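Okay, so here's the structure we're looking at.
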Amino acid sequence: MSLWRIFVLNILAIETSTEYCSVALWRDGALSGRCERVGQKHSEMLLPMVDDLLQASGSKLQAMNGIAFGKGPGSFTGVRIACSVAQGLAFGAGLQVVGVCTLEALAEASGRGKVIAALDARMEELYLAAYEKRDGEWTTVIAPCLCKAEDAPLVEGNGWFGCGSGFALNDALRTRYGAQLCGVEALAVPQADAVACIAAREFTGGKAVDAALALPLYLRDKVALTTRERQR
2 MSLWRIFVLN ILAIETSTEY CSVALWRDGA LSGRCERVGQ KHSEMLLPMV DDLLQASGSK
62 LQAMNGIAFG KGPGSFTGVR IACSVAQGLA FGAGLQVVGV CTLEALAEAS GRGKVIAALD
122 ARMEELYLAA YEKRDGEWTT VIAPCLCKAE DAPLVEGNGW FGCGSGFALN DALRTRYGAQ
182 LCGVEALAVP QADAVACIAA REFTGGKAVD AALALPLYLR DKVALTTRER QR
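Residue numbers (our numbering): 2 to 233.
What follows is the structure, encoded as structure tokens:
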């Protein structure tokens with residue numbers, strides 16, 4: 002893949018899968034962005050943050066080559082907001098989109114070569130995946146899945162770096178991987194700048210799709226327990 006082609010791109014990226022709301026611009030290889038902890042106010046904050054970033058950079062949405070978004074897994078509402086806003090902006094500007102897995106975005110932001118990424122999925126479960134970077138590209142070792150910490154899929158070898166809120170819940174996940182972990186960053190959250198970096202490679206590789214084909218990655222169809230399930 003030509004590095005020149007990756008750098009000569011303008012991409013708007015958005016990420017709202019956790020309590021943080023972030024936006025980023027990839028402009029010919031240079032990144033700028035905004036990130037705020039907004040709780041449940043993504044729908045109120047996202048578009049003003051996009052407008053602010055575009056104005057501050059002197060860019061227009063129509064000048065973008067495409068729009069990237071964190072497609073999940075993560076908060077059901079947050080993932081849906083990112084997908085729908087990306088679709089709406091892309092439709093209006095006639096752009097294509099790329100959805101980036103939030104777990105892969107965690108791996109990208111870690112700066113490590115072997116990463117186990119895990120996010121709190123609530124209900125005592127995790128969203129988890131493992132990636133290894135080979136020749137500058139992420140290879141999926143464990144596909145994104147929903148699991149309990151004690152049942153997390155195993156990996157081979159040592160030197161794995163753990164990141165994401167899944168490692169902050171309790172010691173079960175650290176115990177599961179034990180000495181295979183070389184370190185952990187439990188406070189790491191998916192952010193738009195990492196989404197933009199991955200999306201730049203996807204756009205260059207011709208993997209962008211029409212806005213109508215943008216899909217979220219939920220992993221869980223059921224987002225709440227019944228009263229009986231909670232009591233049990």
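Even glycine gets a Cβ: it sits at the ideal position worked out from N, Cα and C. Given the structure is predicted, the values throughout are model-derived calculations rather than measurements.
Comparing C-alpha distances from R135 to each of G89, M50, G184, E109 shows the shortest one belongs to E109.
The beta carbon of E125 sits closer than 7 Å to the beta carbons of K149 from its chain, once the five residues preceding and following it are set aside; these are given in chain order. Between G67 and L54, the CB-CB gap reaches or exceeds 8 Å.
Taking 4 residues as the shortest admissible run, the stretch 154 to 207 contains the following complete alpha helix (DSSP H) segments, listed from N- to C-terminal end: 173 to 178, 193 to 205. In this structure, L13 and M65 form a Cβ contact; the two beta carbons are roughly 5 Å apart against a cut-off of 8 Å.
Within its own chain, the residues whose Cβ lies closer than 6 Å to the Cβ of H43, once the five positions on either side in sequence are excluded, are T17, C22, G79, I82, listed in chain order. With 16 or more other Cβ atoms from the protein chains shown falling within 10 Å of its own Cβ, G75 counts as buried. If you look at L48, you'll find it in the alpha helix (DSSP H) that goes 43 to 58. Leaving aside the five residues that flank F168 on each side, the residues in its chain whose CB is nearer than 7 Å to its CB run, in chain order, A119, L174, R175, V185, A187. Inclusion of G73 and Y178 in the CB contact set at 8 Å is not warranted, their separation being larger than that value. The alpha-carbon of Q181 is positioned some 8 Å away from that of V156.
Here L216 is exposed. Its C-beta has fewer than 16 other C-beta atoms within 10 Å. By DSSP's assignment, K134 forms a beta bridge with W139. Scanning its chain for C-beta atoms nearer than 8 Å, with the 5 sequence neighbours on each side dropped, one finds around N11 the residues L26, W27, R28, D29, S60, A64, M65, N66, in chain order.
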